[in-house]
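Everything in the sequence shown is counted per numbering that gives the first Met the number 0, starting at 0 for the first residue and increasing by one. Every residue gets a Cβ at the ideal spot worked out from N, C-alpha and C, and that includes glycine. Reviewing the structure listed below.
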Amino acid sequence: MLKQLYIILCLCSFLSINAQQTPIYLKFTDIEVPADEFGNVSSAVELSNLTSTLWSGSVKIESSSSNLRISSTSTKFVQINTGQRIFIPIIAHVDQTADSEAHLFIRAKIINELGQTIQVVEQKILIQKNRRILLLNQENHIQFQQIGDTIQLRALIQNKGNTAEKLHYVLTLPNQVNKLRTQSTRFVLAPQQDTLIAIKQIISKEAAKLEDFDITATLLYENGDFIARTNYSISSLRSKRKYKVDNTNNDPYYQRNSIELNRVTGNNVMNSFQLIGSTEVYLSEKTKIGLTGDLIYWDKENKYNLRHFLADIKTEKVQVLAGNIYQSGEFSLQGRGLQANVQIKDSVYLQGGYLDKTYLITDATDRSIGYNTWVGFTSLKHKWRQSQIYYDLNHRYDEKKTLWYNTFSIWNSPTFDLELTQGLSNIDSKEDNQLGGLLGINTYARWSKYQFQSNSFYSSPYYAGIRQGAIQVSSSLRRNFDKHSIGLTQSFVRYAPKYSYTDYNNSKQQSNSIGVNYSYRMQSDMFLISPRIVNEQRYNYRTGVMDNLNAIRLSTSFNHNSFTSGLGYNASFDIGNYLSKKDINEKLHYRLNAGINYKQIDLGVSYQFNYSNLSEVINSSYLELLDTGTYTNLMIMGNYRQRFFNNHLGVLLSAYYTKTSTTNDLWQLNSRLEYKLTRDFDIYASSYNNYGGFSKGNQTNYIQLGVIKQLMPYKPYEKAYTLKVAVFYQDEKNISYPASSRIVYINNKSFITNKEGIIEYKKLPIDNYTIQVKNDQQWFANTDKVVLNSDVTHSIYLKQTTTLSGAIRYEYSENSHMINRNLSGQRIVAQSTTGESYTTYTSDTGQYILYLPKGTYTLTLYPENSNYVEVPHNSSVITTDISQPQTKSFVIKIKDKEIQIKKFNAIQF
């Protein structure tokens, strides 16, 4: 017995020593490897023979999950000489449906000739995140018949990516349907999962009065990033309807096609009547005249003033403005005049104008201080983007200015833009002529996650444009890290113009800053911090010298906004320290701002400690209000807005309070009430109350009463016609009879046929109209289009249908391309011999069904990944009959990969 144990012990010792002398070593070339955007993985294992003898065996490659498929040879027999190393390539593919958080590994094993596993190593596969959310509107045309009906807003949301996503489905509704205006549904969608959302809304009395309205649905990620938007058209079912133009405008302060009359009276104001009007007259479909005016009557002066008038004449390629105009070019002037914009090519526009420098359009000629005229062109596509020539006359200073301004696009690409601006000018004054110039460069560059932007220009002291004597060098460089962003910013501005008619030293000023910005974006929050160094130089009106200020500052802010709860809040804190400023005892300065908004309420508070810039110091000194101790400023403000009685009554309340160390308390209380008498007629009352400020006795109060009437655009060229549609059932024997209670759409407006199968649409303008009957599984009619230029009766015949159904399946081999073998969503089209097309999509199980009228059709499957598959016997001809449903199934054959075999020696060292 002892002898046998001794022999076994010796044998084990021999094998152990032999194994230590002949190790075979296996390792992956990388600890982990990422899959590319298509799921392809390329890797390799290294096998080393550190023994003194030839070793034979095999290396087996396998995956840890069915979502990771090994494409290369899974088992490879090897013979490796002593001291040799060989590399075995591995090709794999990650299924696109795999969760990005899944733990996937490639596992390699060394197996000797006896079938024993000697070593096992693993390599982690990193899966690229693929966010792909789809929104499918199940039914975008929804109807109701009466008050109390319930409509359902359905949407299918699919997660085709590999990440679990928190989503918000936000509805925007008319106030008459939902007083909150928005309704949000929050849910989590796992990878490769679908969810069906069905939101119910009850039709109220006010909603029914709308007859037709739209509900917009927006799908968002949890952090508010946009995914998709869809629209639901809600219509009341009627057999007769009149055409209406939607001319509603929700902004009470700007009413297009409206007329407003108001009365202002109060304390410390000029009592007045004001008439404001705006309308559009269409001479044709592409030609219109817009008119706006503002006429005021002052009680005290017993005088009318036409403060504003503008005629806007617009055709397809020409626009002319006459009246009170604004010139937004190198002079930026406003006054009375005429300007025109003419399109001569697809992207080239000619411009010209004349402007008289007056305040009111009715001002006398002697109140004008001069005029400005200009001519030029702009181009959206050419290298020479803009050219303008200006001539400006100023009676007050007896100056004549001529200026030529150009913009050139030097380089334009998705990753780099370079723009050059140039100006040449001459100022002709009583004393001398002065030449001037401007040169500017605008740059934008983007590469990878970096962004660079620069806006710089130089203009000479006697340049005639608005940027006279200005130098600006402003640039920023930013790097994005997913939720993080960091950037460098720099800004230098110097303003030192020279004039022929006055002392120009008091216009000099300069500012320079350099800083770092860091931001962090969370789901509903944003955090920002920015330290910077600042230098300011301003002319001091009292001392007549340039004041200089140096400071170091830190700005921070935090913002939160939740569109689901309607709650938002923000806070910011700016702090700095003056490095040089003799007039101020306290060097530290800061400003704190905080605000909160919840649905209809806004609240805010601001506190400033010490002056925050040099302009505040100089202006306070000039007004003899300089606080050489410590200046403070406290501001509190609030707003409340709400609508009541089914949107008829609107209330807006606002309050403002400020207290500084140099002035008295200032209170401001404002309010506005508006009431909608009819859909197009409103009355309102607003008040303004101001107390305190520079003087305790300062008080301003007034009330404004007004009425607003909405107008319809006037179209004298347009004639109205009636479109009558008669719908009939037509059976297999061509016998027709009225189709009652059928839903019909005319340009997305819903109708329901009466007992005679008829609907009627009155007062329609000349246009093209699309008529579509809502089909079902038994009856079908194609969509018709009608050109309406007279009263028309159009007939539609519904034909009986039969079914054509089937399924799809895949065929593949070991050498086939690795693609997603998706059964759902594959498009199948049946085209009749007369050209009509009928389309359907396969279900999750690959099934499909078509409801077709009797006839002969070409049935075609349009598969995904068409470059890698083929469909035998595709586009086959099928003949249908009412009494004989047809079936047709498809086989999608995945093509084999082209394999090139090359012999090569193992890599050895």
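A Cβ-Cβ contact shorter than 7 Å links Asn371 with Phe330. Taking C-alpha positions only, Arg228 is separated from Asn256 by approximately 30 Å. The way I'd put it, the stretch 771-778 does touch the stretch 737-751; three or more beta-carbon pairs between them come closer than 8 Å. Listed in chain order, the beta strand (DSSP E) runs fully inside the stretch 819-868 are 826-831, 836-840, 846-852, 854-861, counting runs of at least 3 residues. Given a length threshold of 4 residues, the stretch 723-796 has no whole run of the alpha helix (DSSP H) inside it. Taking C-alpha positions only, Asn136 is separated from Thr555 by approximately 43 Å. Ranking Ala339, Asp148, Asn161 by CA distance to the CA of Phe37 puts Asn161 first. With 16 or more other Cβ atoms inside 10 Å of its own Cβ, Phe750 counts as buried.
Looking at the DSSP output, Pro88 sits in a beta bridge with Ala43. Within the same chain, and ignoring the five residues on either side of Asp843 in sequence, the residues whose Cβ sits closer than 6 Å to its Cβ are Ser823. Segment contact: the stretch 70-79 against the stretch 39-56, three or more CB-CB distances shorter than 8 Å; contact assigned. If you draw a straight line from the Cα of Gly292 to the Cα of Ala310, it is about 9 Å long. Taking a cut-off of 8 Å for Cβ pairs, the stretch 153-170 and the stretch 111-119 do not touch, as fewer than three such pairs fall below it.
Boundaries of the alpha helix (DSSP H) around Leu209: 204-209. A residue is called buried once 16 or more other Cβ atoms fall within 10 Å of its Cβ, and Met711, having fewer, is exposed. Within the stretch 398-481, no complete alpha helix (DSSP H) segment of 4 residues or longer occurs.
Per DSSP, reduced to three states, the secondary structure at Val870 is coil, with no helix or strand assignment. Under the criterion of beta carbons closer than 8 Å, Ile90 and Ser70 qualify as touching, at roughly 4 Å. With 16 or more other CB atoms across the displayed protein chains lying within 10 angstroms of its CB, Asp681 is buried. Straight across, the Cα-Cα distance linking Ser611 with Glu535 is about 11 Å. Exposure of Glu112 is indicated by the presence of fewer than 16 other C-beta atoms within 10 angstroms of its C-beta. Going by DSSP, Val176 is part of no beta strand (DSSP E) at all; its letter is neither H nor E.
Under the 10 Å beta carbon count, Val876 is surrounded by fewer than 16 other beta carbons and is classified as exposed. Under DSSP, Asn576 forms a beta bridge with Ile551, Leu587. Contact annotation: the stretch 487-498 does not touch the stretch 518-525, with fewer than three C-beta pairs closer than 8 Å. A direct Cα-to-Cα measurement between Ser561 and Gly567 gives close to 6 Å.
Restricting attention to beta strand (DSSP E) runs no shorter than 3 residues, the stretch 314-376 encloses them at 317-326, 332-342, 347-355, ordered along the chain.
Secondary structure of Ile126 (DSSP, three-state): coil.
With respect to the 7 Å criterion, Leu851 and Tyr867 are not classified as neighbours on the basis of their beta carbons. Across the structure, Thr217 and Lys178 are spaced so that their CA atoms are roughly 18 Å apart. If you ignore the 5 residues before and after Tyr728, its C-beta comes within less than 7 Å of the C-beta of Ser735, Tyr736, Ala738, Trp778, Leu797, all in its own chain and listed in chain order. Under the criterion of beta carbons closer than 8 Å, Ser888 and Ala806 qualify as touching, at roughly 5 Å. Ser65 sits in coil when the DSSP states are folded into three classes, being neither helix nor strand. Put simply, the stretch 128-142 touches the stretch 230-237. At least three CB pairs are less than 8 Å apart.
In the structure shown, the three-state DSSP call for Glu615 is helix. Ser506 sits in a helix when the DSSP states are folded into three classes.
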